[in-house]
Amino acid sequence: MEFNAYHDSHNLFYRNPFGAVPCGSRVRFRLKTRSMFPVEACYLRLWLGEREKLVPMSPAAEKSEAAAAGEWVTEAEEAAAEAAGAERGERPVHVEEPAAEAEEPAVEAGAPWAVFEAVYEVREEPGLLWYYFRVRAGGREFYYGNNEDKLGGEGALWAGEPPSYQLTVYRPMRIPKWYTRGIMYQIFVERFHRAQAGSPGSTSGTGQRADGEAAGAGGPGSKTGGQASSGGAQPATGGQIVERAQTRIGDSPQEAPDPAAGRQEWGLGSQAGNRAGRPRQNALLHLDWYDTPIYVKDDRGRVTHWDFFGGNLEGLIAKLPYLQELGVSILYLNPIFEAASNHKYDTADYQRIDPMYGDEEVFECLIREAKQRGISLVLDGVFSHTGSDSLYFNREGTYPGLGACQSPASPYFEWYQFRPDSRESGERKAGELESAEPKPGGTKLAEVKTGEYGDLAYKSWWGIDTLPEVDELKPSWQKFLFDPEDGVIQKWMKKGVAGWRLDVADELPDEFIRKLRETVKSLNSEAVLIGEVWEDASNKFSYGKLRRYFWGDELDATMNYPWREIFLRFLLGEEDAPQVYRRVMSLYENYPRENFFAAMNLVGSHDRVRILTLLGEAPPEEGLADREKRTWRLSVKARQLAVRRLKLFTLIQMTFPGVPCIYYGDEAGLEGYSDPYNRGTYPWGREDAEILEWHKQVARLRREHKTLQAGGFQAFSCGPDVFGFRRFGVAEQIMVLVNRHTSEAREAVLPPALSPDPGLSLPLLDLLSGESLRPAAKRVGMGPLSARVLLCLAPHTMQRKDDSDAAQS
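Per the UniProt record's numbering, numbering of the sequence shown is gapless, rising by one per residue and ending at 809.
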């Protein structure tokens, strides 16, 4: 071969420092070349924003100018610095030269490798810097850039302009430790726990819970619901209790509760003492807590009756001891403000707790009680749209006063975006306006065909007419949310809310998110802002714009759906360990360290099929009728497989950098296809004890080892089936190994960092089994679908322990 080259962005020899860098940093780039012809020129091609720059690269000296000036450290110095700096939050990096030297493409004998390097100081403004290499040799141009998957690491030679490597440049930010070192729990309040009527926030008195069990006994959706249910109860109007002759729990028919008892359980009787209010008109109320959720829709697919189970804030307060025992320190609540639906993403009044959940008094009680147990509260902020049945839009005429849908004279009219031809003095005749085609990004102008309100067209979230979009940049909308005296954010944070999860962050303008962050941090510098982003958030494009989420002035964290997808595919056998390594390293490289270690690592959510259903390899829901989805349960054999896989998934989740988030009911063994079946009620008294105890065990592991909360990180793979990573700090390092093969044992070779020098006599302790491995262990055996969590104490820690033991003897 006439020419070859090599660069690995995951290796310090080729790019130093590793990963994202703060503004103004100096970065060293290196490229190795082998050529049968003299290299005439070598360039680092940079692209930032709309600007291109060619930086000449020079043959690397034995010690570069930057290194001589103390800018770059040796590999030994780097290793020592990692251990010393891990607890200070400094970014860990790879220090080993990869085994890729032997894998580099061979060139004819007599052609030595040459190393070219350039040191570039990135600008003081944040952004994405893209780079590749251009080499001229023998009168020809050669290009070296990113690999075909654009995952960073080892690149490739290209005949023409190659895909570029990404280098994220950001302004450093501080993310509070209470968040990054915590364990999060996501709750759909309506489906978590229904407090007993007459006993606010507790199960005292009779000792019976409203969900029917004795106290102490240990369900991609859309905001508008799933498919219409075929069968089940027919709803009554006026918010009445609906009696069901029979309901099914799995495959076992259960008699429905007595309707009169149901009214008392729901707190609708005159003697009820809880503060949960009545539902809206046409609500379907389930008397049986263990019933299956349903949607009742019209022939156009719109929900006509929302179903409710009665979960409320008092019920949540009653279960705080359970959450504390589980190890939870952060509660993330799906929307709790007044709304017509059961999911509450169609906000009706941002200043009021939904009456079915309680009131401000019980909310303040929740904040107080949670704080006493070391639990912080994060709310779901839905700021890109409201509900059509709201104080602000008032399409249904539920609220007094003029809503935007009723008249341009409404004080809320300018928040929304009506089509210019949709109004003539605020009115149009029914049937005159057709709905518009979808616009880029998924929104369109929704059509309302109701003679009572006229035929109005307005911009709505994904064309759903019950979710009219707001113009987030309107000063009056921002004043409503951000006003320091009586704004929405100010009101709830003054009550003790510790952070916000931003619904559909991609649809919120950067300017809006920055203003929101400024408001939140001014009220509480320790508060957090988490965005719903489904892809790599460092390079996300939405609505034609590169987003600035991680540039240092917007989000603290995002929901880590990419992480979830990586390990779900690994456990299902769809991608092997080396590919998992590459994908994990791509995120680690692209995200600023602060944001990588703050990522919300979720296994399940309200927008995804329940994790057990997926891990048990249930049939794809696209090929099932709604009745089949509603009643499908894994076979005994499939569920056993799913449980073993889920244990590995949650072990990875609790030991990986980031903030683990448990979706309510996953830890209890709930199954279910997408909405509404992934939003079933928590199965109080019917939990899967094996899964629940496992969650408690791995959560305890995380709490007891600070290295798992904030230590350094290094990933590796051992063959196609074993993925591993190590977490390291000053006093200890922990290695996690996972064998995903369903039937075969595997042997993992320990990396040098966890292959102790026999002279040090440092044992490896498996924190899962309690097994102690011999000090000189180089290989570790693993059974099918099993894991190892190996603890190795630092030599100086062991020495201090030995000295202490000797002194005592």
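Every residue, glycine too, gets a C-beta built ideally from N, C-alpha and C.
Q) In the region 665-752, which residue ranges form an unbroken alpha helix (DSSP H) of at least 4 residues, counting only runs that do not cross its ends? A) Counting only runs of 4 or more, we get 689-704 and 706-710.
Q. What three-state label does DSSP hand MET36 in the structure shown?
A. Locating residue 36 in the sequence shown gives position 36, where the first residue counts as 1. It is coil, neither helix nor strand.
Q: May I ask which residues mark the beginning and end of the alpha helix (DSSP H) holding LEU614?
A: Along the sequence shown, one-based indexing puts residue 614 at 614. 611-615 is the extent of the alpha helix (DSSP H) around LEU614.
Q. Among LEU737, ASN560 and ALA710, which residue has its Cα nearest to the Cα of ASP536?
A. Start at 1 with the first residue of the sequence shown, and residue 536 comes out as number 536. Out of LEU737, ASN560 and ALA710, the CA that lies nearest to the CA of ASP536 is found in ASN560.
Q) Just curious, the beta strand (DSSP E) that GLU338 is in, first and last residue? A) Position 338 of the sequence shown, counting from 1, holds the residue named residue 338. Looking at the DSSP string, the run of the beta strand (DSSP E) that includes GLU338 is 337-339.
Q | Unbroken stretches of the beta strand (DSSP E), 3 residues or longer, contained in the region 336-415 | A | The qualifying runs are 337-339, 347-353 and 376-381.
Q: Mind checking who PHE483 pairs with in its DSSP beta bridge?
A: By 1-based counting over the sequence shown, the position of residue 483 is 483. Before going further, note that residue 483 is Asp rather than Phe in the sequence given. The partner list for ASP483 (beta bridge, DSSP) is empty, contrary to what the question assumes.
Q: Report whether the distance from the Cβ of MET600 to the nearest heavy atom of the ligand HEM is below 7 Å.
A: The model depicted lacks the ligand HEM and carries no ligand whatsoever.
Q | Spatial distance of PRO22 from ARG419 (CA atoms) | A | By 1-based counting over the sequence shown, the position of residue 22 is 22. By 1-based counting over the sequence shown, the position of residue 419 is 419. The C-alpha of PRO22 lies about 44 Å from the C-alpha of ARG419.
(Q) Does the region 576-585 come into contact with the region 714-732, if we say contact requires no fewer than three beta-carbon pairs (one atom in each stretch) closer than 8 Å? (A) Proximity of the region 576-585 to the region 714-732 meets the contact definition, three or more beta-carbon pairs being nearer than 8 Å.
Q: Decide if GLU511 is buried, meaning its Cβ has at least 16 other Cβ atoms within 10 Å, or exposed.
A: Mapped onto the sequence shown, residue 511 falls at position 511. Residue burial annotation: GLU511 is exposed, with fewer than 16 other C-beta atoms found within 10 angstroms of its C-beta.
(Q) If I follow the unbroken beta strand (DSSP E) through ASN146, where does it start and stop? (A) One-based indexing of the sequence shown puts residue 146 at position 146. DSSP places ASN146 outside any beta strand (DSSP E), giving it a letter other than H or E.
(Q) Quick check on the burial criterion: 16 or more other C-beta atoms within 10 angstroms. Buried or exposed for ALA86? (A) Translated into positions along the sequence shown, residue 86 becomes position 86. Low per-residue confidence applies at ALA86: pLDDT is 42, beneath 50, and the placement is therefore not dependable enough to give any value.
Q.
Mapping the DSSP letters down to three states, classify residue 891 as helix, strand or coil.
A. There is simply no residue 891 to check, as the chain begins at 1 and stops at 809 in what is shown.
**Q.** Ordered list of beta strand (DSSP E) runs contained in the region 519-604, each at least 3 residues
**A.** Listed in chain order, the beta strand (DSSP E) elements of length 3 or more contained wholly in the region 519-604 are 528-531 and 600-602.
Q. When the Cα atoms are used, what is the spatial distance from LEU54 to VAL528?
A. The residue labelled residue 54 in the question sits at position 54 within the sequence shown. The residue labelled residue 528 in the question sits at position 528 within the sequence shown. Their backbone Cα atoms lie some 40 Å apart in a straight line.
Q) Among ARG51, LYS32 and VAL119, which one has its Cα closest to the Cα of SER25? A) Position 25 of the sequence shown holds residue 25. Checking every option, the nearest Cα to that of SER25 belongs to VAL119.
(Q) GLN186 and ILE662 - do their beta-carbons sit closer together than 8 Å? (A) Residue numbering aside, residue 662 sits at position 662 when the sequence shown is read from its first letter. Residue numbering aside, residue 186 sits at position 186 when the sequence shown is read from its first letter. It is a contact, given that the beta carbons lie within the stated cut-off.
Q. GLN640 lies in the alpha helix (DSSP H); which residues open and close that run?
A. On the sequence shown, position 640 is the one that residue 640 refers to. From DSSP, the alpha helix (DSSP H) with GLN640 extends over 636-655.
Q: Output the distance between the C-alpha atoms of LEU764 and ARG779, rounded to the nearest integer angstrom.
A: On the sequence shown, position 764 is the one that residue 764 refers to. On the sequence shown, position 779 is the one that residue 779 refers to. Near 11 Å, if we compare the C-alpha coordinates of ARG779 and LEU764.
(Q) GLU532 and ARG501 - do their beta-carbons sit closer together than 8 Å? (A) Residue numbering aside, residue 501 sits at position 501 when the sequence shown is read from its first letter. Residue numbering aside, residue 532 sits at position 532 when the sequence shown is read from its first letter. Judged by their CB atoms, ARG501 and GLU532 are nearer to each other than the 8 Å cut-off.
Q) CA-CA distance, VAL636 and SER605? A) The residue you call residue 636 lines up with position 636 of the sequence shown. The residue you call residue 605 lines up with position 605 of the sequence shown. Just so you know, the alpha carbons of VAL636 and SER605 end up roughly 24 Å apart.
Q) Cα separation between VAL736 and TRP47? A) Position 736 of the sequence shown, counted from the start, is the residue given in the question as residue 736. Position 47 of the sequence shown, counted from the start, is the residue given in the question as residue 47. Computed Cα separation, rounded: 38 Å.
Q: Take the Cβ of PHE18 as the centre, count every other Cβ of all protein chains shown within 10 Å, and call the residue buried at 16 or more, exposed below.
A: Sequence index remark: in the sequence shown, residue 18 carries index 18 (1-based). The residue is buried, with at least 16 neighbouring Cβ atoms inside 10 Å.
Q.
Assuming GLU469 is part of the alpha helix (DSSP H), what are its boundary residues?
A. Taking the sequence shown and counting its residues from 1, one reaches residue 469 at position 469. First-last for GLU469: undefined, no H or E at that position.
Q. Mind checking VAL738: buried by the 16 CB within 10 Å criterion, or exposed?
A. Position 738 of the sequence shown holds residue 738. Counting Cβ neighbours within 10 Å, VAL738 comes out buried, since at least 16 surround it.
Q) For the beta strand (DSSP E) that GLY499 lies in, which residues bound it at each end? A) Indexing the sequence shown from 1 puts residue 499 at position 499. First-last of the beta strand (DSSP E) with GLY499: 499-502.
Q. Between which two residues does the alpha helix (DSSP H) harbouring THR315 extend?
A. Numbered from its first residue, the sequence shown carries residue 315 at position 315. The residue you asked about is not Thr; residue 315 is Gly in the sequence shown. 313-318 is the extent of the alpha helix (DSSP H) around GLY315.
Q. Are the beta-carbon atoms of GLU360 and ILE353 separated by less than 8 Å?
A. Residue numbering aside, residue 360 sits at position 360 when the sequence shown is read from its first letter. Residue numbering aside, residue 353 sits at position 353 when the sequence shown is read from its first letter. Cβ atoms of GLU360 and ILE353: closer than 8 Å.
Q) How many angstroms separate the CA atom of ARG244 from the CA atom of TRP694? A) Residue numbering aside, residue 244 sits at position 244 when the sequence shown is read from its first letter. Residue numbering aside, residue 694 sits at position 694 when the sequence shown is read from its first letter. Residue placement at ARG244 is poorly supported in this model, since its pLDDT is 34, which falls under 50; the coordinates are not used for a value here.
Q: Whole angstroms is fine: what's the gap from TYR322's alpha carbon to LEU602's?
A: Taking the sequence shown and counting its residues from 1, the one referred to as residue 322 is at position 322. Taking the sequence shown and counting its residues from 1, the one referred to as residue 602 is at position 602. TYR322 and LEU602: Cα-Cα distance of roughly 20 Å.
Q.
Tell me the rounded alpha-carbon separation between GLU589 and TYR543.
A. As a first step, residue 589 must be located in the sequence shown, where it is residue number 589. As a first step, residue 543 must be located in the sequence shown, where it is residue number 543. Take the alpha-carbon of GLU589 and the one of TYR543: they are about 25 Å apart.
(Q) Less than 6 Å between C-beta atoms, sequence neighbours within five positions excluded: which residues of the same chain meet that for ARG505? (A) Sequence index remark: in the sequence shown, residue 505 carries index 505 (1-based). According to the sequence shown, residue 505 is Ala rather than Arg. Within the same chain, and ignoring the five residues on either side of ALA505 in sequence, the residues whose Cβ sits closer than 6 Å to its Cβ are GLY531, GLU532 and VAL533.
Q: Assuming LEU285 and PRO279 form a contact by the criterion Cβ under 8 Å, report the distance between their Cβ atoms to the nearest whole angstrom.
A: As a working mapping, residue 285 is identified with position 285 in the sequence shown. As a working mapping, residue 279 is identified with position 279 in the sequence shown. In this structure LEU285 touches PRO279 by the C-beta definition: roughly 7 Å separates them, less than 8 Å.
Q.
My output table needs one value for LEU516: the three-state DSSP class, helix, strand or coil.
A. Walking along the sequence shown from the start, residue 516 turns up at place 516. If DSSP states are grouped into helix, strand and coil, LEU516 belongs with the helices.
Q: Within the same chain, show all residues whose beta-carbon is closer than 6 Å to that of ARG630, passing over the 5 residues directly before and after it, in chain order.
A: On the sequence shown, position 630 is the one that residue 630 refers to. Take ARG630, set aside five residues on each side of it, and the residues of its chain with a beta-carbon closer than 6 Å to its own are THR292, in chain order.
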